[in-house]
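The numbering of the sequence shown is my numbering, which starts it at 94 and goes up by one.
Below is one structure, written out as structure tokens, with a few remarks after it.
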Amino acid sequence: MTRELPQVVFVDDEDDVRIANAQTLDLAGFDVLTAASAEAALALVDREFPGVVVTDMRMPGIDGLTLFDRLRAQDPDLPVIFVTGHGDIPMAVEAMRRGAQDFLSKPYPAEALVDAVTRATRLRRLVMENRRLKAALDAEAALGLIGRTPEMERLRETVQAVAAADVDVLVLGETGSGKEVVARALHAGSRRRTARLVALNCGALPETVIESELFGHEPGAFTGAQRRRVGRIEHADGGTLFLDE
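Quick look at the structure:
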């Protein structure tokens with residue numbers, strides 16, 4: 094399987110600087126996107142952007158420090174590297190204080206740029222992987238289906254696909270295999286999740302009372318029916334009714 098190249102957005106309003114640095118990073122094995130302004134860079138980067146940003150400090154319009162603030166507002170974990178002139182060192186120090194990944198003072202050797210970007214992309218890869226794992230764990234917790242085996246992965250995929258449909262579902266399995274867990278996962282993943290999930294163990298009820306449990310009854314419907322009883326079907330209206338074996 095081919096691994097995707099780490100992405101870099103290089104931001105500089107000077108064409109020759111932007112092109113030269115992009116070529117350096119491209120030769121080093123990065124997937125390089127360039128932007129001639131902070132506004133153009135903001136259009137390229139969102140919270141799911143898997144790479145890093147390298148930006149000049151001084152640019153017309155939005156400067157590098159303001160760009161940094163806007164990028165970090167949408168993703169506090171995004172690595173940003175600054176390219177600075179000699180007079181911009183105090184601004185670069187301020188950027189580092191705010192959480193910038195690194196800064197390079199012009200002129201800098203190509204190796205320094207490649208090394209800084211390499212470190213930043215490694216960090217970004219770890220952040221994105223941690224996010225992916227957290228999302229997977231959150232999904233497991235929400236569904237109540239815990240486990241990383243291929244069988245559990247297939248079960249989660251099936252539950253998520255079926256839960257999106259407004260249909261009756263037959264869950265088959267041996268006693269103790271977790272049919273109610275699956276039923277609760279289906280409910281949690283459905284559009285009905287904000288309403289009730291009502292479970293009824295049919296096997297534990299005498300045949301004579303199942304009808305009353307399901308549909309309820311009015312006072313006087315049969316001997317001993319002194320008050321109205323809401324059935325499980327009505328109780329689960331808008332939600333999910335789980336009828337256990």
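Here a beta-carbon is modelled for each residue, glycine too, at the ideal position from N, C-alpha and C.
| Asked | Found |
| --- | --- |
| Spatial neighbours of Glu187 in its chain, beta-carbon cut-off 8 Å, leaving aside the 5 residues before and after | Leu158 |
| Selected residue, minimal CA-CA separation from Arg165, among Pro153, Gly178, Met189 | Met189 |
| Cutoff 7 Å; reference Asp168; Cβ partners in own chain excluding five residues on either side | Arg140 |
| Buried versus exposed, by CB contacts within 10 Å (16 or more), Gln194 | buried |
| Buried versus exposed call for Phe103 [16 or more other C-beta atoms within 10 Å across all chains shown] | buried |
| Local conformation of Thr268 per DSSP, three classes | coil |
| Ile205, buried or exposed, once every other Cβ within 10 Å from all chains shown has been counted against 16 | This sequence places Ala at residue 205; Ile is not what is there. Exposed. |
| Straight-line Cα distance separating Thr242 from Asp208 | 38 Å |
| Integer-rounded CB distance, given that Val291 should sit under 8 Å from Leu334 | 5 Å |
| Assigned exposure category for Pro99 - 16 Cβ within 10 Å defines buried | buried |
| Limits of the alpha helix (DSSP H) - the one that Phe308 falls within | 300-308 |
| Ala128 in three-state terms, based on DSSP | strand |
| Short Cβ contact (8 Å threshold) for Arg321 with Glu311 | yes |
| Residue burial classification, Asn114 (beta-carbon count within 10 angstroms, cutoff 16) | buried |
| Thr127 vs Arg151 beta-carbon contact at 8 Å | no |
| The beta strand (DSSP E) enclosing Ile182, as first and last residue numbers | Segment 182-191 is the alpha helix (DSSP H) holding Ile182; no beta strand (DSSP E) there. |
| Beta carbon of Val288 nearer than 8 Å to that of Gly324 | A small correction: the amino acid at residue 288 is Ala; Val does not occupy that position in the sequence shown. No, Cβ-Cβ distance for Ala288 and Gly324 is not below 8 Å. |
| Close Cβ partners of Val275 (< 7 Å) along its chain, the five nearest in sequence each way excluded | Val252, Val264 |
| Which listed residue (Ile326, Thr301, Gly282, Asn294) has its alpha carbon closest to that of Gly309 | Ile326 |
| Candidates Glu244, Arg247, Val138: closest to Arg163 by CA position | Val138 |
| Limits of the alpha helix (DSSP H) - the one that Val260 falls within | Element bounds for Val260: n/a, residue is neither H nor E. |
| Gln194 Cβ short of 7 Å to the ligand NAP heavy atom set | Absence of the ligand NAP is noted for the structure shown, with no ligands found whatsoever. |
| Residue of Asp106, Ser283, Val302 minimising C-alpha distance to Ala254 | Ser283 |
| With 16 other Cβ atoms within 10 Å as the buried cut-off, status of Arg247 | exposed |
| From Arg286, Arg191, Ala203, Arg212, residue whose alpha carbon lies closest to that of Ala329 | Arg286 |
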